[in-house]
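Working notes for the structure below.
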Amino acid sequence: MKRIPMLTAAALLAACASGPTDERPRVSDAEIDRVTAVLKRDFHARGQATMNRVDLDAVQRACNLYNDNPPAELAKRLEEAQLKAIPFPSGSLVGDWKRGERIAQSGRGSMWSDKPGVQEGGSCYNCHQLSPKVEAYGTIGPSLAGYGKIRGASPEMQKYTYGRIYNSKAYSLCTQMPRLGHAGTLNAQQIKDLVGLLLDPASPVNQ
Amino acid sequence: MAAGPMKMRATLGSGYTDVRVLMSHPMETGQRKDASGKIVPLEFIQNVTVKLNGRTVIEGQISQAVSRNPVFSFRLKGGAKGDRIEVSWLDNKGETNKTEAAVA
Amino acid sequence: MIDRRRRILKAAGALAGGLAAGLLKPVLAFAAAWNKEAFGAKTPADALRSIGAAAAAPSKDILIEAPQIAENGAVVPIEVLSNIPGTKSIAVLIEKNPFPLAARFDFMDGALPFVKVNVKMGESSDVRVVAEAGGKNFTATKEIKVTIGGCGG
Amino acid sequence: MRKLTCGAGIALALALAPAYAQKSIYADYQRMTAENAPTELYELAGEELWKKKQGPKNASLESCDLGQGPGVLKGAYAALPRYFADAGRVMDLETRLLHCMMTLQGRSREEATKRVFGNADRASEFEALSAYVARESNGMKIAAGRSHPKEQESYELGRELFYHRAGPWDFSCASCHGEEGKRIRMSDLPKLDDPKYVRPLMATWPAYRVSTSKIVTLQWRMNDCYRQMRMPEPAFGSDVTVALIHFMTVTSEGETYRGPAIKR
Numbered sequence: 001m002k003r004i005p006m007l008t009a010a011a012l013l014a015a016c017a018s019g020p021t022d023e024r025p026r027v028s029d030a031e032i033d034r035v036t037a038v039l040k041r042d043f044h045a046r047g048q049a050t051m052n053r054v055d056l057d058a059v060q061r062a063c064n065l066y067n068d069n070p071p072a073e074l075a076k077r078l079e080e081a082q083l084k085a086i087p088f089p090s091g092s093l094v095g096d097w098k099r100g101e102r103i104a105q106s107g108r109g110s111m112w113s114d115k116p117g118v119q120e121g122g123s124c125y126n127c128h129q130l131s132p133k134v135e136a137y138g139t140i141g142p143s144l145a146g147y148g149k150i151r152g153a154s155p156e157m158q159k160y161t162y163g164r165i166y167n168s169k170a171y172s173l174c175t176q177m178p179r180l181g182h183a184g185t186l187n188a189q190q191i192k193d194l195v196g197l198l199l200d201p202a203s204p205v206n207q
Numbered sequence: 208m209a210a211g212p213m214k215m216r217a218t219l220g221s222g223y224t225d226v227r228v229l230m231s232h233p234m235e236t237g238q239r240k241d242a243s244g245k246i247v248p249l250e251f252i253q254n255v256t257v258k259l260n261g262r263t264v265i266e267g268q269i270s271q272a273v274s275r276n277p278v279f280s281f282r283l284k285g286g287a288k289g290d291r292i293e294v295s296w297l298d299n300k301g302e303t304n305k306t307e308a309a310v311a
Numbered sequence: 312m313i314d315r316r317r318r319i320l321k322a323a324g325a326l327a328g329g330l331a332a333g334l335l336k337p338v339l340a341f342a343a344a345w346n347k348e349a350f351g352a353k354t355p356a357d358a359l360r361s362i363g364a365a366a367a368a369p370s371k372d373i374l375i376e377a378p379q380i381a382e383n384g385a386v387v388p389i390e391v392l393s394n395i396p397g398t399k400s401i402a403v404l405i406e407k408n409p410f411p412l413a414a415r416f417d418f419m420d421g422a423l424p425f426v427k428v429n430v431k432m433g434e435s436s437d438v439r440v441v442a443e444a445g446g447k448n449f450t451a452t453k454e455i456k457v458t459i460g461g462c463g464g
Numbered sequence: 465m466r467k468l469t470c471g472a473g474i475a476l477a478l479a480l481a482p483a484y485a486q487k488s489i490y491a492d493y494q495r496m497t498a499e500n501a502p503t504e505l506y507e508l509a510g511e512e513l514w515k516k517k518q519g520p521k522n523a524s525l526e527s528c529d530l531g532q533g534p535g536v537l538k539g540a541y542a543a544l545p546r547y548f549a550d551a552g553r554v555m556d557l558e559t560r561l562l563h564c565m566m567t568l569q570g571r572s573r574e575e576a577t578k579r580v581f582g583n584a585d586r587a588s589e590f591e592a593l594s595a596y597v598a599r600e601s602n603g604m605k606i607a608a609g610r611s612h613p614k615e616q617e618s619y620e621l622g623r624e625l626f627y628h629r630a631g632p633w634d635f636s637c638a639s640c641h642g643e644e645g646k647r648i649r650m651s652d653l654p655k656l657d658d659p660k661y662v663r664p665l666m667a668t669w670p671a672y673r674v675s676t677s678k679i680v681t682l683q684w685r686m687n688d689c690y691r692q693m694r695m696p697e698p699a700f701g702s703d704v705t706v707a708l709i710h711f712m713t714v715t716s717e718g719e720t721y722r723g724p725a726i727k728r
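Laid out in structure tokens, this is it:
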């Protein structure tokens, strides 16, 4: 799986050509801190969306600081730390693709308007094509149609796929994909079910 | 909310008078659930009447399939500035409302 | 006035009881003209039968302007014009809606057989228009695809 | 009996082969819904609210200065957000309306902002008033304030916020609105730092939203985006929401305003 497309320097240059105001200026650590301070002043907690969500971790800070294009050495170091923190379950990671499909379809979870706790929502179709039969898919991320058919379901592929869903930043630091396990949006069983959706030969993704 | 405001515009077109009327109405289908999961009861306009200078020229019957806050356009033959147009509606709960406008 | 209503009721195939109720409550008189049977019909065929239009001949003189594809079924604009001389009424049916008959308009002297209205569509469907002129019924259809169904709201 | 829950959720039943064509497949739909939009109902309700005496001072908003002088509505919306010396800050329309409710009508912030976003049954005061005021800028060129240092500051804050990633899902506005030609589910995603996309958008807010049958404003749009970004809630009329609106409005400079309009 390749890196999810993101704001590249080329895209920014192209954007600059169309108008004077759309260039993202480089920001300093101090400016990032100033934005965080403004967010802390202007936002309030609502439901499960508590104010600590405004605080930045090292990954977010690096991506903000370098316009999603951090130096390779820094990216590698942070990716490794993210990878090390993924609690991989033992045994097969291929869950129930039918439950996985429901999770992939739902956009619920982690919003102030959602019930607290883990919901059945991975928002996967918001950004990815999965089952070719489902036409309402987004294009922010790459198409995952045929994901398992192409790659097989070896233990290594299971682990990679699980990890990629749990914490995508462990593989590509500034990907736009949320860290669904790390953020507490999905639990281990739900991620396994999504792995099932992607890898199970019977899953609609692989038809 | 049922009988909210109405708004109408009647303008002289080429050979006809164009009547556009807006109605505030929820047009509930009886299928929708509210935030607490309860079914919102059926509530919709059933009859729409258009009068020109006091005489009925269009009688409409509509169902809950008409969208919330209904917008209708009608065309009346000929017409002259100052002609009085009146549009009224009646819903399944017996609520009613009407509006009047002069052709401009 | 009463003659007028009688004619509508007859055309609409409503029950005589409705007429009596209408006469008793003059303010709400036009309520009686709502064709409960036709609007309650669950198939296009039943609805057409209820408005006396079971046999309608296809006509190119009924013009339906509507988007080929609607982004949201909660609001689908439909514009209908009949060029058939002497058109007295226009009915709009959304064939795949739970209750297909969406609207019916009677046009008297002074009105053109034209209407534009927003309707809800639960799913992609043919929209059928039936025009009545000179005691005969004519029909035309147009398919409208719907991305997000709109009967819930 | 046929399935009665038609439309609950996303019921897709069509082949959208080239789903992402250059010209939106919904162009006809958007044109026709725009022609048949019930926005005037809200403009009417807004006009009533503008003239209605209320609050401890039993005053109307008729002498509210939206930047063009007390009570002047013509062109006011097209020139917002802008700096207001009497408030010492940059304000968008809704923030300014709140300011007038507090100063002219003597209402408390708490009371006036109890219900800033309405529903299909009843629009909020801000929504109806926005529709009424915005209509009076129809046909005028969008020109948000940019000359005062505070205006420059607000614009720059908006630009930084647009790209600032935070929250449990690490999103910035640009996560969804930073690239051309993307969509979320079936919905096209405009690249909001690009005049090409943002100009037609800013020219059509506030708008009647077909999917929810209600009028929506830019303050609502900012609020709901942050909800979907899994962030805490921004305060109504805060510097954050005003700055983002300011950033996008400045990016739309020169576009002819043509709202209130309709959105999907």
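Protein chains in written order, with our numbering: chain W, 1 to 207; chain Z, 208 to 311; chain Y, 312 to 464; chain X, 465 to 728. Idealized CB from N, CA, C, for every residue including glycine. Just so we're clear, the structure is a prediction, and the values are computed from it rather than from any experiment.
{"Check": "Leaving out the 5 sequence neighbours to the left and right, which residues in its chain are closer than 6 Å to ASN187 of chain W when beta-carbon positions are compared?", "Outcome": "VAL118"}
{"Check": "Secondary structure at ASN167 of chain W, three-state DSSP: helix, strand or coil?", "Outcome": "coil"}
{"Check": "Output yes if chain X places a C-beta closer than 8 Å to the C-beta of ILE140 of chain W; else output no.", "Outcome": "yes"}
{"Check": "Do you know whose CA, among W:ILE191, W:GLU73, W:ASP57, lies nearest TYR160 of chain W's CA?", "Outcome": "W:ILE191"}
{"Check": "In chain order, what residues of the same chain have a beta carbon less than 6 Å from the beta carbon of ALA342 of chain Y, not counting five sequence neighbours either side?", "Outcome": "Low local confidence applies: a pLDDT of 45 at ALA342 of chain Y is under 50, so the model's placement there is unreliable, and no value is given."}
{"Check": "Closest to ASN64 of chain W by C-alpha separation, out of W:ARG26, W:LEU180, W:ALA85, W:SER90, would be which residue?", "Outcome": "W:ARG26"}
{"Check": "Taking the Cβ atom as the reference point for each residue, do LEU665 of chain X and ILE709 of chain X lie within a distance shorter than 8 Å?", "Outcome": "no"}
{"Check": "Quick one: which chain Z residues come within Cβ less than 9 Å of ALA509 of chain X?", "Outcome": "GLY211, PRO212, SER231"}
{"Check": "Residues in its own chain within less than 8 Å of ARG239 of chain Z by CB, not counting five upstream and five downstream?", "Outcome": "ILE246, VAL247"}
{"Check": "Who pairs with LEU297 of chain Z in a beta bridge, going by DSSP?", "Outcome": "Z:ASN254, Z:THR303"}
{"Check": "Is it a yes or a no for the stretch 489-504 of chain X touching the stretch 256-266 of chain Z, going by three-plus beta-carbon pairs under 8 Å?", "Outcome": "no"}
{"Check": "What residues in the stretch 406-418 of chain Y have a beta carbon less than 9 Å from any beta carbon of chain Z?", "Outcome": "ASN408, PRO409, PHE410, PRO411, LEU412, ALA413, ALA414, ARG415, PHE416, ASP417, PHE418"}
{"Check": "Is there a Cβ from chain X that is less than 8 Å from the Cβ of VAL118 of chain W?", "Outcome": "no"}
{"Check": "Check whether the stretch 606-617 of chain X and the stretch 83-93 of chain W are in contact - that is, three or more C-beta pairs closer than 8 Å.", "Outcome": "no"}
{"Check": "Between the C-alpha atoms of ALA598 of chain X and GLY163 of chain W, what's the straight-line distance to the nearest angstrom?", "Outcome": "49 Å"}
{"Check": "Mark ARG24 of chain W as exposed unless 16 or more other C-beta atoms lie within 10 angstroms of its C-beta, in which case mark it buried.", "Outcome": "buried"}
{"Check": "State the start and end residues of the unbroken beta strand (DSSP E) segment that holds GLU261 of chain Y.", "Outcome": "Residue 261 of chain Y is absent from the model: chain Y starts at 312 and stops at 464."}
{"Check": "Taking LEU557 of chain X as the reference, give the member of X:GLY609, X:LYS578, X:GLU575, X:ALA584 with the closest Cα.", "Outcome": "X:GLY609"}
{"Check": "Return the bridge partner residues of GLN518 of chain X from the DSSP annotation.", "Outcome": "X:ALA523"}
{"Check": "For GLU101 of chain W, collect the residues of the same chain with a Cβ closer than 6 Å to its Cβ; drop the 5 residues on either side in sequence, then sort them by chain order.", "Outcome": "LEU197"}
{"Check": "Going along chain X, which residues have a C-beta under 7 Å from LEU294 of chain Z?", "Outcome": "Leu is not the amino acid found at residue 294 of chain Z; the sequence shown has Val there. By Cβ distance, chain X contributes nothing, its closest Cβ being about 14 Å from VAL294 of chain Z, past 7 Å."}
{"Check": "Assuming ASN429 of chain Y and ASN500 of chain X make a contact with CB atoms under 8 Å, what is their CB distance in whole Å?", "Outcome": "6 Å"}
{"Check": "Let's test the definition: count the other Cβ atoms within 10 Å of the Cβ of ARG41 of chain W and tell me whether it reaches 16, buried, or not, exposed.", "Outcome": "exposed"}
{"Check": "Nearest to LYS284 of chain Z by alpha carbon, out of Z:VAL310, Z:VAL228, Z:TYR223, Z:ASP241?", "Outcome": "Z:TYR223"}
{"Check": "Quick check on the burial criterion: 16 or more other C-beta atoms within 10 angstroms. Buried or exposed for LYS336 of chain Y?", "Outcome": "Low per-residue confidence applies at LYS336 of chain Y: pLDDT is 41, beneath 50, and the placement is therefore not dependable, though the value from the model is reported in the following sentence. It counts as exposed."}
{"Check": "What are the start and end residues of the alpha helix (DSSP H) that includes LYS347 of chain Y?", "Outcome": "347-351"}
{"Check": "Quick one, which of W:TYR166, W:GLY107, W:SER154 has its alpha-carbon nearest TYR137 of chain W's?", "Outcome": "W:GLY107"}
{"Check": "Just the C-alpha distance for LEU621 of chain X and GLU235 of chain Z, rounded to the nearest angstrom, thanks.", "Outcome": "43 Å"}
{"Check": "Am I right that ASN206 of chain W and LYS149 of chain W are in contact with their C-beta atoms under 8 Å? What's the rounded C-beta distance?", "Outcome": "4 Å"}
{"Check": "Among the residues of its own chain, which have a CB less than 7 Å from the CB of ALA523 of chain X, if the five just before and after it don't count?", "Outcome": "LYS517, LEU568, GLN569"}
{"Check": "Take ARG722 of chain X and list the residues in its own chain whose beta-carbon comes closer than 8 Å to its own, dropping the five residues that flank it on each side.", "Outcome": "ASN602, GLY603, ALA667, THR668"}
{"Check": "Could you check whether HIS641 of chain X and PRO659 of chain X sit closer than 8 Å to each other, using their CB atoms as the reference points?", "Outcome": "no"}
{"Check": "Quick one, are the C-beta atoms of LYS427 of chain Y and GLY384 of chain Y less than 8 Å apart?", "Outcome": "no"}
{"Check": "Leaving out five residues on either side along the sequence, give the residues of the same chain with a beta carbon under 8 Å from the beta carbon of PHE43 of chain W.", "Outcome": "MET51, VAL54"}
{"Check": "Do GLY179 of chain W and ASN167 of chain W have their C-beta atoms within less than 8 Å of each other?", "Outcome": "The amino acid occupying residue 179 of chain W in the given sequence is Arg; Gly does not appear at that position. Closer than 8 Å, so yes."}
{"Check": "Exposed or buried, THR175 of chain W, counting other C-beta atoms within 10 Å across all chains shown (16 or more means buried)?", "Outcome": "buried"}
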